Amino acid sequence: MKAAARVGSDGAEQAVSEFPLGLKSLDVIHGGLTTVVAPVKCAWRDGDELARDRANAVALLSKAAAAAGGQRGGARTQLYGLANLSDLERTLIAEVLGEGEVAGVVALPDGSLAQIWESVLAGIWRVRIGTEPAHEYVEVGAIPQIVRRAATDLTSTDLVIAAPPDGAMNVLPVLAEIRERARAWRSGMRAHVINLTLLPMNAVDLAFLHESVGNGPTQLVFRGYGTCRVQATGIRNVWSVQFFNSTDNIILDTLEVGGVPIVALAADEDFEDSAERLREMIEVYAT
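Reading the sequence shown from the start, the letters are residues 812 to 1098 in this note's numbering.
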């Protein structure tokens, strides 16, 4: 665990927290679909061969569009497996759905990774368990269920607060607040946000805070004009949410006690728009 340095408006460096993301995980997040998407256009131009196989892919995408049209953020997600599709059919689905701005990984108990990509259509995701293309599915919902399940099943229910190291100033009250809020939180309650950027905490405080809550199994990265990193900690219902500017400096650093942070979730209004756009895209490939 470490504390990073953020340059403030006065030029002085200020201590900010940083939940480290492993380089291996980042390689998966930002490079995982390359081998799937790269040959898409060539495969599609081989029209006669793909035309014979595209019916199953179009049928799956049509089901996903219908599901998105009736989906709501709080509803159970709907999954559509790709195991019975051919390589060309999976390639077609990869081309239609594309890659959006959200990607992530979930570390599973057997040591494998679940890779997650939101498509260009908000609320429609692709998930692959391990490295086999057959273990892949399309999921319609606010966030893939594997994210919620891992953050619940693979984290601790209690935060143990040890004696702080020399040099710590204000970390103990923050840890006590996190523990109390995490124990009390229930589904349906509003999230409680602790803004670490504004708290008078030094580098020792932040390092001990991170050591205490630990790293959880889920990491999500949102790329847009800047970057947002959402990571489950090792404590159930406690998340690290960090916002970076275009030069990768942290501008907002928070811990959020609650369910999956709202910044990671597709909104209700996204689903109908995604359903309509997907239907339009299907018409292009089905005719």
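Using N, Cα and C, we set each Cβ at its ideal position, and we do this for glycine too.
Because the structure is a prediction, the values reported are computed rather than measured.
For residue 1090, which residues from the same chain have a beta carbon less than 7 Å from its beta carbon, with the 5 sequence-adjacent residues on both sides left out?
-> 876
With a threshold of 16 other CB atoms inside 10 Å of the CB of residue 1080, please say whether the residue is buried or exposed.
-> exposed
In angstroms, rounded to a whole number, what distance separates the CA positions of residue 952 and residue 914?
-> 15 Å
Where does residue 1047 fall in DSSP's three states?
-> coil
Bounding residues of the alpha helix (DSSP H) (the contiguous stretch that carries residue 946) | Where residue 946 is concerned, there is no enclosing alpha helix (DSSP H), given that its DSSP letter is neither H nor E.
How many whole angstroms separate the CB atoms of residue 1085 and residue 870, which I take to be in contact at a CB cut-off of 8 Å?
-> The pair is not a contact, with the Cβ atoms about 18 Å apart (cut-off 8 Å).
In the DSSP assignment, find the unbroken alpha helix (DSSP H) run with residue 958 in it and report its ends.
-> 956-964
Residues near residue 966 in its chain [Cβ-Cβ closer than 7 Å; skip 5 each side] | 1027, 1043, 1045, 1046 and 1047
Residue 1018, DSSP secondary structure in three states = helix
Leaving out the 5 sequence neighbours to the left and right, which residues in its chain are closer than 8 Å to residue 898 when beta-carbon positions are compared?
-> 944
Residue nearest to residue 1019 in terms of C-alpha spacing, selected from 993, 985 and 961 = 985
Cβ-based burial, residue 1061 [other Cβ within 10 Å; buried from 16] | buried
If we ignore side chains and look at the alpha-carbon of each, how far apart do residue 1076 and residue 1051 end up?
-> 15 Å
Other residues of its chain near residue 1065: CB distance less than 7 Å, five sequence neighbours each side excluded = 1004, 1005, 1006, 1007 and 1052
Counted within 10 angstroms of its Cβ, other Cβ atoms place residue 910 as buried (16 or more) or exposed | buried
Using the beta-carbon count (16 or more within 10 Å), is residue 987 buried or exposed?
-> exposed
Contact with chain D by residue 1029, beta-carbon distance below 8 Å = You won't find chain D in this structure, because it holds only one protein chain.
Spatially closest choice to residue 1009 from 1036, 981 and 1092, by CA coordinates = 981
Should residue 978 be counted as a contact of the ligand NAP given a C-beta to heavy atom distance under 7 Å?
-> With respect to small molecules bound, the structure shown includes none, and the ligand NAP cannot be examined in it.
In terms of residues, what are the limits of the alpha helix (DSSP H) holding residue 1061?
-> No alpha helix (DSSP H) holds residue 1061; the beta strand (DSSP E) holding it covers 1061-1068.
My guess is that residue 1118 and residue 1068 are in contact by the Cβ rule of under 8 Å, so how many angstroms apart are they, rounded?
-> Outside the displayed span of the chain (812 to 1098) sits residue 1118, for which this structure offers no information.
Take the Cβ of residue 955 as the centre, count every other Cβ of all protein chains shown within 10 Å, and call the residue buried at 16 or more, exposed below.
-> buried
Tell me whether residue 839 is buried or exposed, calling it buried when 16 or more other Cβ atoms sit within 10 Å of its Cβ.
-> Below a pLDDT of 50, predicted positions are generally treated as unreliable, and residue 839, at 39, falls in that range; no measurement from the model is reported.
Beta-carbon contacts of residue 976 that lie in its chain and below 7 Å, excluding the five residues immediately before and after | 1015 and 1019
Among 902, 922 and 937, which has the Cα closest to the Cα of residue 891?
-> 937
Residue span of the alpha helix (DSSP H) that contains residue 991, given as start and end = 982-995
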